[in-house]
Every structure is written in C-alpha cells, then in structure tokens.
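> Pasting in a structure now, in structure tokens, and then I'll have a few things to ask.
Protein chains: 2
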Amino acid sequence: MSLDATLARIDANLPAALDRLTALLRIPSISTDPAYADKCQQAADWLVQDLQSLGIAAETRATPGHPMVVGHVEGDGPHVLFYGHYDVQPVDPLNLWDRDPFDPAIEETPKGRVIRGRGSSDDKGQLMTFVEACRAWKAEHGSMPCRITFFFEGEEESGSPSLIPFLKENKEELKADIALICDTGLFESRVPAIMTQLRGLLGEQITLTGPDKDLHSGMYGGVARNPIRVLSRILANLHDDNGHIQVPHFYDGVPELSDEMKAQWEALNFDHGTFLGDVGLSKPAGEQDRSALEMIWSRPTAEINGIIGGYTGDGFKTVLPSKASAKVSFRLVGQQDPHALREHFREWVRAQLPEDVSVEFHGHGASPASQMQTTHPAFESARSVLGAEWGHEAAFTGCGGSIPVAGYFKSILDMDTMLVGWGKDDDQIHSPNEKYDVESFHKGIRSWARILDAIR
Amino acid sequence: MSLDATLARIDANLPAALDRLTALLRIPSISTDPAYADKCQQAADWLVQDLQSLGIAAETRATPGHPMVVGHVEGDGPHVLFYGHYDVQPVDPLNLWDRDPFDPAIEETPKGRVIRGRGSSDDKGQLMTFVEACRAWKAEHGSMPCRITFFFEGEEESGSPSLIPFLKENKEELKADIALICDTGLFESRVPAIMTQLRGLLGEQITLTGPDKDLHSGMYGGVARNPIRVLSRILANLHDDNGHIQVPHFYDGVPELSDEMKAQWEALNFDHGTFLGDVGLSKPAGEQDRSALEMIWSRPTAEINGIIGGYTGDGFKTVLPSKASAKVSFRLVGQQDPHALREHFREWVRAQLPEDVSVEFHGHGASPASQMQTTHPAFESARSVLGAEWGHEAAFTGCGGSIPVAGYFKSILDMDTMLVGWGKDDDQIHSPNEKYDVESFHKGIRSWARILDAIR
C-alpha cells in the first residue's frame, strides 16, 4: 500500500532531511532585530528554492517587513493551506548557550538524539516536517496528495505586522478548505495533541520619565522622583496577592471552561509537579483558585517580559535615572478584546503616575484568542491516524501560546485551522539551547504523510 | 603682598592650567569597569609626573585594585593632607552625550565658559585646583606654604575597596593635622560652602532567580513564578505612600536636626523650585513631612539605582526570565550603622520571597555618615578668605553626597577633615555631558591659594 511505501521512503531519507533542516537553521533569521533583515530574506529565498525543487511554483512576496513565501500545487481533492514561520527568536543571553545557536548539530542525549540550535523546534524544524512529507509523497506518487498552498511567514516572532494586510490583499489566492499549522507540541512530550483553543496576545512597552536627565543620587537622592521606583509600584499592582490581574475590565469576556472540556482535561492527569520541576519550580504561581492546566490553557495572564532602568553594568553607580522601561504582555482567552484592553491598561498606568512622571507607550501586537472548529472532518481524520503513528490516541488540548494567524485565517479568510505539532515541553523554545528531538522530526514527517493520506 | 602676586600668577597661567586639566581628562579612568584598569594606572602615573614636576616626592602605590598616588612636601607650620580622586564614573548612556566624554573641550555657553568632559567636575577638575594653587605658590615663593601630603585615590567611584586597608597600613605616613578634600560644591552655584555633615552610603545588589532557565511565556506564563514580578513587589515596598522607608530598624540612629543648624539652613532660603526645575521636576518626592533641604542633607534615603531582567532589546520577546536584578543604595545619616542595616535589608528582602524564588546579595561599600569638627581653626580661616574670593560669605552646609574617606580619616587616622569645593548644581556629575565651569576652576585655584595662605 502506497502509504507504507511513502513512510519507508521517509525513513530511508531521514539523514538527507536532517541535512536540509541543518542548512536552514544556519541562517540567523531573527525577525525582531532589524540588524538581521537580510538573514530573514536569505531564509525566505532558501525555502523558495527548496519548494521549487519539488516542482512547486513558489516565490517570495515583499512586505514592508520581512518577505512572505507563497507556493502553490494544483491537484484534486480538498485544498489545504499549510502555514509555518521561518523567523526565530533572539538568542540572548548568549553566554547561556552551550554552542553557537546558529551552528546547529545533532547531539546524542540521555533522552535520545536532538537537533540543537535556535529555531530547531520553533518553527523551522516543525515547518520542514510538512515539506519533507510532501517531498516523500511526490517522490513516491509523482504528484502531491491534494491541492496545497504553502504559506510561510517571517515575522511571527515580532508581532506579524505585515500579516493582516497581506491576507487582506491576497484573500482569493490564500483561501483554502482548511489551514494546517505546525507550530505546537505533543501533550507532556508523549501524546499527540490537536489544539482546540489558543490564547491571544497583547504586548505593551511602558517607558517612564522622571528627571529630564540622569542625576547623582547623592545630590538628588531623596528629593527627586525616581522612575524605577514608580515603575516598580505600578508593576507590583498588576496582580493581587492571589494572582488576579487588577487592570479594570481585564476579565471582561473571559469564559468559564465547559464541563465537557473540564472533564477531558482532568482525564489527561496533567502532572504539574513534573512540568514545573523540569524548570526548577514547584508551585503554580498564577491565580490561586485555578488548576495549573487552567493557568496555562484557559486563563488570561499578565507577564513582565523585560525591565530596565539606571545603571546595570558591572560594579555600582549611584545614579538616579531619568527613565525606566518595561515590556508587559497579556495572554488573552475567550472574547477578551485586545484593543479595548490596551486602552484599559494604559488608563490604569496613567492613573498611577505621580507628579513629575510622564509615560510613553509602545504597542506590540494585539491578537484575540481563537477557538478551533473541531467538527471539521479533518479533526477526526487526523485524530485517528495520529494514534497509529504515536501509539497513543491524540488528545484535544488547549494551548498557552498564541498563534494569532489562526484567528486571522478565520476572521479574514473565513478558513478554519487545524493545529498539530511535534514539539516537546523541554525543547527550550525562546530560551538558550533550543532543541528539537530527531524523533519529533522523524515521526512528525511520517505523521503529516498519514494526515495527508487521510484527508485527501 | 605675596598673596596678590600668587593670585596674579594664577590668573596669568590659567590657559596652561586648563591644558593640563584637559590632558588628565583625556584618560578614561573608569574605576568600576575592570576593562579600564590600565587607564586608571595611566591617570595615576600622569599625576605622579605632574607632582614630581613641582619637586614633590610622589609615587604610585599598588593596591589589590587601582593604585594610590602619594606625595610629600616637607615644610614648616601645620601639616595638611590633600585628598582627591582621579577615577571617574562610567559614561553610559553614551548616546546622550553631545561629544566624546573623553575628548574634553572648553565650550562657550550662555552661562559662561565650561570644561566639558567626564571627570571635569568629579573630581579631576577639583583635584587640580589644589595642585595648580601649589604650583603657583611654589613658582612665586620657591617653596610650598606648609607641610603638605598629597593623597589621590582611584577607586572613589567604585566603593573604595582598597582605601581602608591602605590607610591602616600607612597610618604614620598619612596622618596630618587636618585633611582638605575638594570634592564638593558651592551652595546654589553661588555661595562658597564648607560641608559640615556628609551622608554615608550603603550599596546592595539583589539578584532573584525563579525558573532555572528563561521560559516561553506562552508555555509557562501564568503558572511559572516570574522573578521580575517578585522584584517589583519588593522594591515597591521599600517606601510607604509618604516616602518613609519600610526596612525594619532603618531609622535607628537617625538624629533630629539641631535648632541652631535648622535656623542656619532656613536662613539659606533654599529654592527647591529652581533646584528641581533645573532637572525637569517640581515636587520634592521624599519623606512628605520633611523640607526639601532635609531630604537632601540630613535625612536618610533608599534609591533604586538600576534594574534589569528579561528581554530589554529592540522589539518584543515573550520571555519569562530566570533572573531579575536591582542595585539599591541607601544614604545614611547620624549614627545609622551601615553593616547592621545591610543585614536588616537582606532579612527584609528574604522575608518577602515566595516559594521557588532564591536571592543572591552582592554588597557594594558601606560607610557611615560623618560630622565635621567645625571648631577646628581651619574652618574659621577658610570661611573668612572664601568670602573675599567669592564676594559672598561662606556657608556651613550639609551634603547629600557621600565622601566616605572623611569618615575613615577620622576613625582610622584620628584626623579631622575640611571639605570645600567649587562644583555647581548643574555640573551633571555622574550624568551625560558633565562639565566644570572655567570660573569654578579659576576661582577654585585662587581660593586654595587664599586658604593655604590663611592656615600656614
């Protein structure tokens, strides 16, 4: 049977597939740092060439930011759009990496072979599982399983500023029967997972200014307003002692979990001790009246992602700084409105400013949460074949992360999305020493072949 | 009369004196950053050569840190020790400087000519006013006015780690009848000031660790402990809403101002509106039940001098950081014990740590406040002649800054200190675009000639 032949070919060609992934990982396509713009272009060009080598009509499309990659394969049966992103997170703190983040390597570890390097799991490795599945299918069948549109973005890690306009300008071209996204993970690194809900994301940068220049704390200390002190008080007020977020109207549109979903999640027996233990923690630190799984999947959050002010170098400097700044992000659920929340948050900050302190805000992306259409037939097809590949029935799960594109596919293209992925909890995405298990890569490619076979 | 001749010589040689200062300012002797160690040595060597050119037996003395400069002039009359420091503050944020901080220049400004560059006011320019006064005196008289020991330090801006051991090891050599220090300023940029009290300084660096690695706030946000959030809450608790410091026992040993001193200070008619207005502020931000002058001169403070955690680069990164760190300093008065306070502060921080968060402390210097011995005859002599130079009677004032060496001279060498200086409020010491008025430099040199003439 041809699926078996395709799977056998995937097994045989794994080394070559790993070489291709390694080549892509060598390109430092950090989208958030303007200094790497040419590297993002380089990664996009690499993908276009690879798709063209499969006989796919692919090209880069310029945007005001980093280019999109779009490729089309005509064919019978359903029309699927596959989305992935070729940009990666910054790599600092670089000193915590055990090797150059952009000099990837296959490493033997006690848990098995891994591909080490920035982007190996988020998202270049995952993106390539789909491409490699198509490569094997084409080689085996001489054609693709169905009509496929490939759509790769280069700004996912920097708020996707060009995505919405691009989708609006190319509605007809990009609309398919369903979108497939490979940017998520397995449940507890073992159970194949199909995401049924994604949190939204709102990013805000606050910069407070007190004195109009840095001052000597000997001359001015005690009498001049210190913006770090003001910023600390504001950030300290973000949560109450029980972890509830105190921005007015923050919880507007936050739904309670359905009893059915609650029951499903409880059946997963999530082990938060292990989940937190893996990163040196023990106690869930969120809303104290919620379960750990709710904190991660179905509850909104407010996190301080960065803060800086005054002298932060070696030694000590008794400066009283002019400015202090923080980056704050909110994970959103249900019907929370990111744009309304941005205004509520800014009002809340302004209301806490003492005399002589001014604030500047800089917004960083605003995407609502999204709910998947699990009644779409692709979900049942995928669930059944994933069980066969992984030896464990696939679970419908939530996701703490934010993949705004799924929401935009629905709102702009009226297209449903199915999210499956092969990442593991310990992949250390967005952190030093990011890795992707060779098993995830290998079984991921096989899984896509099975899914394409089932839905074609 | 020979004083007039000396003053005339000072006037005539001002351009040459400015050239010498400029040469010293070109040496980037940043003591707090190990990368500049050789530059500190270079500044010390420069001073030794300059003193030797005056026939002074001077040399550098090695320490575990940056070298001391010691030089002796034998002579009759009282034995004075002159102290200054040749090290300077770091220069960041560099982008706020209008010129290279170490490419000094004389600039014409609406307020008169200034010497622009790091260290021009703190303390190289002030140090050189004394050296230039000695140079003119020697040229005019063929000898120095009295027995003088020159003592220059290179670690004043980095907590003076080598000072105490050096003073203990060289007691006999350094003990004089009185120490003169030129590291302070005029009162409101007009009135010559003799400091009668100095605040002490205690520096602490706190580093909190939550997760053992940086995490993705999508996967862990809401459930994992965020050390920036914990640090913000601790720093927010440093002061209550009225600006009182909440560390237990903090106010132990804080005296009330004597009625006499209070009356003297009120007579100064300190204009806090102008003082704060010069730096873009309007309202005294310290203890709300104290006057602005008390906040600066006689009340203890707690200031956050720096904070950093998570992603602080361009753009946005939804990281949940492993670590967050802050530098906090306390200005001390009266009998506050810096070592006891360090422990009280650390206990207070530890008591606020939630589960899964650990703390590391790094101490940065601890010096008590000091009271000057205004009954020493040098104070009256200086007060009288300073009036003649500046056209305004000198004031006995307090000082918000900390000059620990004065305390060590008393406790280790049993030597009183007199602090006079020519800095102005708008010198922007410790800030970008530091400057020193040519008038301060010129009249400062003349003032030292007058003081030496009066006390010899």
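Chains as they are written, first to last, in our numbering: chain A, 61 to 516; chain B, 61 to 516. Note that beta-carbon positions come from the ideal geometry of N, C-alpha and C, so glycine has one too. The structure presented is a predicted model; accordingly, all values stated were derived computationally and were not measured.
(1) Beta carbons nearer than 8 Å to chain A: which residues of the segment 414-426 of chain B have them?
(2) Anyone know if the C-beta pair for Thr123 (chain A) and Ser222 (chain A) falls short of 8 Å?
(3) Does the segment 62-71 of chain A come into contact with the segment 80-94 of chain A, if we say contact requires no fewer than three beta-carbon pairs (one atom in each stretch) closer than 8 Å?
(4) According to DSSP, is Asn302 (chain B) part of a helix, a strand, or is it coil?
(5) Given 7 Å as the limit, tell me if Ala253 (chain A) has its C-beta closer than that to any heavy atom belonging to the ligand COA.
(6) What residues match up with Phe439 (chain B) in a beta bridge as DSSP calls it?
(7) Have a look at Val133 (chain A) and Ala118 (chain A) and give me their C-alpha separation to the nearest angstrom.
(8) Along the chain, which unbroken stretches of the beta strand (DSSP E) at least 3 residues long are found entirely within the segment 249-283 of chain A?
(9) Compare the Cα-Cα distances from Phe335 (chain A) to each of A:Thr82, A:Ser249, A:Val283 and A:Gly373 and report the closest residue.
(10) Looking at chain B, is there any beta carbon in it that lies within less than 8 Å of the beta carbon of Phe376 (chain A)?
(11) With distances taken from CA atoms, which of B:Gly369, B:Gly370, B:His201 and B:Ser491 is nearest Val339 (chain B)?
(12) Considering only residues of the same chain and omitting the five flanking positions on each side of Gln395 (chain A), which have a CB-CB separation below 6 Å?
(13) So for Tyr496 (chain A), helix, strand or coil by DSSP?
(14) Answer yes or no: do Asn365 (chain B) and Val388 (chain B) have a C-beta to C-beta separation smaller than 8 Å?
(15) Scan the segment 440-469 of chain B and note each continuous beta strand (DSSP E) run of 3 residues or more that stays entirely inside, going in chain order.
(16) Is it true that the CB of Gln265 (chain A) sits closer than 8 Å to the CB of His422 (chain A)?
(17) Residue range of the beta strand (DSSP E) that Lys387 (chain B) falls in?
(18) What residues from the segment 343-358 of chain B come within 7 Å of chain A, judged by C-beta to C-beta, listed N to C?
(19) Please list, in chain order, the chain A residues whose beta carbon lies closer than 8 Å to that of Ser491 (chain B).
(20) I want to verify the contact list: residues of chain A whose CB lies under 8 Å from the CB of Tyr371 (chain B), in sequence order.
(21) Looking only at its own chain, which residues have a Cβ that is under 6 Å from the Cβ of Gly489 (chain B), when we skip the five neighbours before and after it?
(22) If you draw a straight line from the C-alpha of Ile515 (chain A) to the C-alpha of Asn73 (chain A), how long is it?
(23) Rounded to the nearest angstrom, what separates Ser292 (chain A) and Arg293 (chain B) at their Cα positions?
(24) Quick one: using the 10 Å Cβ neighbour count with 16 as the cut-off for buried, is Arg159 (chain A) buried or exposed?
(25) Given 8 Å as the limit, is there contact between the segment 170-189 of chain B and the segment 78-86 of chain B, that is, 3 or more CB pairs closer than that?
(26) So what does Thr120 (chain B) bridge to, in DSSP terms?
(27) Is Arg178 (chain B) close to chain A, meaning its C-beta is less than 8 Å from at least one C-beta of that chain?
(28) Report the neighbours of Asn286 (chain A) on chain B: residues whose CB is nearer than 7 Å to its CB, in chain order.
(29) What do you reckon, are the CB atoms on Ala345 (chain B) and Val498 (chain A) nearer than 8 Å?
(30) Compare the C-beta of His299 (chain B) against all C-beta atoms of chain A and say whether one is closer than 8 Å.
(31) In chain A, what lies closer than 8 Å to Pro94 (chain B) by C-beta?
(32) Report back the beta-carbon spacing between Gly461 (chain B) and Cys242 (chain B) to the nearest angstrom; my notes put them in contact at under 8 Å.
(33) Establish whether the CB of Ala117 (chain B) and some CB of chain A are separated by less than 8 Å.
(34) From the beta carbon of Gln488 (chain B), is the nearest beta carbon of chain A less than 8 Å away?
(35) Which bits of chain B does Ala253 (chain A) rub up against, with CB to CB less than 8 Å?
(36) Which partner residues of Arg173 (chain B) appear in the DSSP bridge assignment?
By the coordinates alone:
(1) Here the close residues are Pro414, Glu415, Asp416, His424 and Gly425.
(2) Taking 8 Å as the cut-off, the Cβ atoms of Thr123 (chain A) and Ser222 (chain A) count as close.
(3) Because the criterion of three Cβ pairs below 8 Å is not met, the segment 62-71 of chain A and the segment 80-94 of chain A do not touch.
(4) Of the three classes helix, strand and coil, the one that applies to Asn302 (chain B) here is coil, per DSSP.
(5) Only the bare structure without any ligand can be found here, which leaves the ligand COA out of the picture.
(6) By DSSP's assignment, Phe439 (chain B) forms no beta bridge with any residue.
(7) A direct Cα-Cα distance of roughly 9 Å separates Val133 (chain A) from Ala118 (chain A).
(8) The beta strand (DSSP E) runs of length 3 or more contained entirely in the segment 249-283 of chain A are, from start to end of the chain, 253-258 and 260-269.
(9) Nearest option by C-alpha distance: A:Ser249.
(10) Output row for Phe376 (chain A): interface = yes.
(11) Of the residues B:Gly369, B:Gly370, B:His201 and B:Ser491, the one whose Cα lies closest to the Cα of Val339 (chain B) is B:Ser491.
(12) Setting aside the 5 residues that flank it on each side, Gln395 (chain A) is surrounded in the same chain by Gly313, each with a C-beta closer than 6 Å to its C-beta; the list follows chain order.
(13) DSSP, reduced to helix, strand and coil, places Tyr496 (chain A) within a strand of the structure shown.
(14) If you check the CB distance, Asn365 (chain B) and Val388 (chain B) come in under 8 Å.
(15) If we require 3 residues or more, the beta strand (DSSP E) runs fully inside the segment 440-469 of chain B come out as 455-459.
(16) Contact: yes.
(17) Lys383 to Leu392 is the extent of the beta strand (DSSP E) around Lys387 (chain B).
(18) Listed by position, the residues of the segment 343-358 of chain B near chain A (Cβ gap below 7 Å) are Lys343, Pro344, Ala345, Gly346, Ala352, Met355 and Ile356.
(19) Residues of chain A passing the Cβ test: Lys273, Asp274, Leu275, His276 and Val379.
(20) What Tyr371 (chain B) touches in chain A: Pro150, Asp152, Asn365, Gly366 and Lys387.
(21) This sequence places Ile at residue 489 (chain B); Gly is not what is there. Correct list, in chain order: Ser181 and Asp182.
(22) Approximately 24 Å between the Cα atoms of the pair.
(23) Computed Cα separation, rounded: 7 Å.
(24) Its Cβ having fewer than 16 others within 10 Å, Arg159 (chain A) is exposed.
(25) The segment 170-189 of chain B makes contact with the segment 78-86 of chain B, as at least three CB pairs between them are under 8 Å.
(26) The partner list for Thr120 (chain B) (beta bridge, DSSP) reads B:Val129.
(27) For Arg178 (chain B), the answer is no, since every Cβ of chain A falls outside 8 Å of its Cβ.
(28) Ordered by position in chain B, the residues that pass the 7 Å Cβ test against Asn286 (chain A) are Glu363 and Ile364.
(29) No, they are not a contact pair.
(30) Chain A, which has a Cβ nearer than 8 Å to the Cβ of His299 (chain B), makes this yes.
(31) Here the neighbours are Asp374.
(32) Beta-carbon to beta-carbon, Gly461 (chain B) and Cys242 (chain B) are separated by about 13 Å, too far to satisfy the 8 Å threshold.
(33) It does not: the Cβ of Ala117 (chain B) has no partner Cβ on chain A nearer than 8 Å.
(34) Chain A, which has a Cβ nearer than 8 Å to the Cβ of Gln488 (chain B), makes this yes.
(35) Ordered by position in chain B, no residue passes the 8 Å Cβ test against Ala253 (chain A), which lies about 13 Å from the chain.
(36) As DSSP reads the structure, Arg173 (chain B) sits in a beta bridge with B:Glu168.
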